[in-house]
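J.:
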Amino acid sequence: MSRLPPITEAQSRAALQWLSRINEQPAQAEGAAFKRWLLADPGHSRAFAQAQALWQSSAAPAARLAAEEHASLQRYLDAMARPQARRAWLQRAAALAVAACLVLAVGVAGGWHPGLWLQDLQADYSSADQVRLVTLADQSQVMLDAGSAIAVDFAQGERRVRLLHGAAFFQVTHTGAPFVVEAAGGEVRVLGTQFEVRKQGEGAQVTVQSGRVAVSPVPGAAARELTANQQATYAGGRVGDTLTVASDNRLAWRQGWLNYYQVPLAQVVEDLGRYYPGRILLLDDELGQRKVSGSFPVAAPLLALDSLGKVMGFSRQTVLGRLTVIR
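For the sequence shown, the residue numbers in UniProt numbering are 1 to 327.
1. Going straight from the alpha carbon of Ser-210 to that of Gln-141, what length do you get?
2. For Phe-215, list the residues DSSP reports as bridge partners.
3. With burial defined as no fewer than 16 other Cβ atoms inside 10 Å of the residue's Cβ, what is the status of Gly-309: buried or exposed?
4. The alpha helix (DSSP H) with Val-268 in it runs from where to where?
5. At which residues does the alpha helix (DSSP H) containing Leu-308 begin and terminate?
6. Output needed for Val-188: all residues of its chain with C-beta closer than 6 Å, excluding positions within five of it in sequence on either side, in chain order.
7. Three or more C-beta pairs closer than 8 Å, one from the region 260–272 and one from the region 235–242: is that the case here?
8. Assess, as a yes-or-no matter, whether the region 152–170 is touched by the region 126–139 under the definition of 3 or more beta carbon pairs within less than 8 Å.
9. Report, in whole angstroms, the separation of the C-beta atoms of Gly-166 and Gly-147, which I expect to be a contact under 8 Å.
10. What separation, rounded to the nearest whole angstrom, lies between the Cα atoms of Ile-7 and Ala-47?
11. Pro-217: beta carbon under 7 Å from a heavy atom of the ligand SAH?
12. What do you reckon, are the CB atoms on Val-218 and Gly-186 nearer than 8 Å?
13. Identify whether Val-325 lies in helix, strand or coil by the three-state DSSP scheme.
14. In whole angstroms, what separates the C-alpha of Gly-256 from that of Val-131?
15. Which whole-angstrom value describes the C-beta separation of residue 329 and Val-325, a residue pair presumed to lie in contact below a C-beta threshold of 8 Å?
16. Beta-carbon separation of Lys-199 and Ala-221 under 8 Å?
17. Return the CA-CA distance between Met-143 and Leu-163, expressed in angstroms with no decimal places.
18. Checking 8 Å against the spacing of the C-beta atoms, do Arg-327 and Leu-258 come in under that value?
19. Pull up the DSSP beta-bridge partners for His-165, would you.
20. According to DSSP, is Pro-297 helix, strand or coil?
See below:
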């Protein structure tokens with residue numbers, strides 16, 4: 001069986017435009033023009049089906065859903081010749097248009113992640129697809145990794161910063177008032193230090209570059225003290241083992257690099273995705289568990305994926321402009 005040519009970016013854009021036009025003008029003339037566009041090129045119906053599939057489940061394997069939608073779409077093409085069926089089709093497409101244009105085009109392809117926007121509403125400072133340096137009211141500095149957000153509360157004699165998502169590196173000014181970072185239900189109390197807190201799954205990872213911090217898995221619990229070049233992860237009410245790490249290497253994202261040694265590809269893809277002005281989906285769970293070692297520039301996430309693909313044997317495809325699928 002010959003392989004179908006890839007859907008072009010222009011075809012993907014046209015498919016979204018048709019969804020929008022059908023919503024705005026669900027008339028007989030519009031339906032006829034839409035049918036002519038669909039029949040003009042085999043890629044058009046596949047592009048339209050893919051747009052529908054991505055709307056139905058933005059984070060699901062788009063290729064599988066698109067194949068199912070493409071098959072059902074062919075049945076609608078013949079039915080569109082009948083006025084009643086055409087009206088039903090256009091009504092269905094109109095409903096898709098609203099969701100596709102708002103949720104898909106602006107959201108998924110533009111880097112929207114379900115759940116994070118609610119956290120961003122609570123944030124005092126956030127970063128999109130690049131690192132951001134923030135100076136707090138006490139002159140402490142916080143470097144936000146891409147795709148991160150914090151909320152700040154300097155009241156009642158304490159300085160509290162809540163890590164909503166992502167990662168942040170703290171350089172704390174000594175004022176005499178306690179400085180506490182909250183993340184994933186636990187807290188990190190500063191004892192004079194430079195350190196990073198990174199949310200990971202249901203917990204958080206703490207890496208100390210200099211000085212000391214006290215890590216508690218939940219407020220009031222016994223604290224684990226970490227010093228320079230030490231790291232620990234907490235989750236589920238407990239702190240894991242204390243590890244000795246090269247903190248400069250682990251924190252190289254501040255200089256624009258991501259360094260890995262025997263890390264699952266899924267984690268690397270997630271990290272690179274924070275620096276990509278769209279969304280990266282890894283569809284193969286088994287591939288995601290394969291280990292990666294190397295250094296990658298955050299300024300070129302797709303080039304990093306291309307390099308990994310040559311070594312690990314996977315390919316990537318970009319659809320709808322900014323949605324990159326790895327398989």
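Cβ atoms here follow ideal geometry from the backbone N, Cα and C, with glycine treated the same way.
T.: Looking at the coordinates:
1. Put simply, the backbone Cα of Ser-210 is about 15 Å away from that of Gln-141.
2. At residue 215 the sequence reads Val, which differs from the Phe that was named. Listed as beta-bridge partners of Val-215 by DSSP are Val-188, Arg-224.
3. With fewer than 16 Cβ atoms within 10 Å of its Cβ, Gly-309 is classed as exposed.
4. If you look at Val-268, you'll find it in the alpha helix (DSSP H) that goes 265–274.
5. Note, Leu-308: alpha helix (DSSP H), 301–312.
6. Val-181, Val-197, Val-206, Val-213, Val-215.
7. No, the region 260–272 is not in contact with the region 235–242.
8. These segments touch.
9. A Cβ-Cβ distance of about 5 Å is found for the pair Gly-166 and Gly-147, placing them in contact under the 8 Å criterion.
10. Roughly 6 Å between the two C-alpha positions.
11. Looking for the ligand SAH in the displayed structure turns up nothing, as the structure carries no ligands at all.
12. Cβ distance < 8 Å, so Val-218 and Gly-186 count as in contact.
13. Three-state DSSP puts Val-325 in a strand.
14. Looking at the two C-alpha atoms, the distance is approximately 8 Å.
15. Any property of residue 329 remains undetermined from this structure, which presents the chain solely from 1 to 327.
16. No, they are not a contact pair.
17. Between the C-alpha atoms of Met-143 and Leu-163 there is a straight-line separation of about 12 Å.
18. Cβ distance not < 8 Å, so Arg-327 and Leu-258 don't count as in contact.
19. His-165 is bridged by DSSP to Ala-149.
20. In the structure shown, Pro-297 sits in a strand (DSSP, three-state: E or B).
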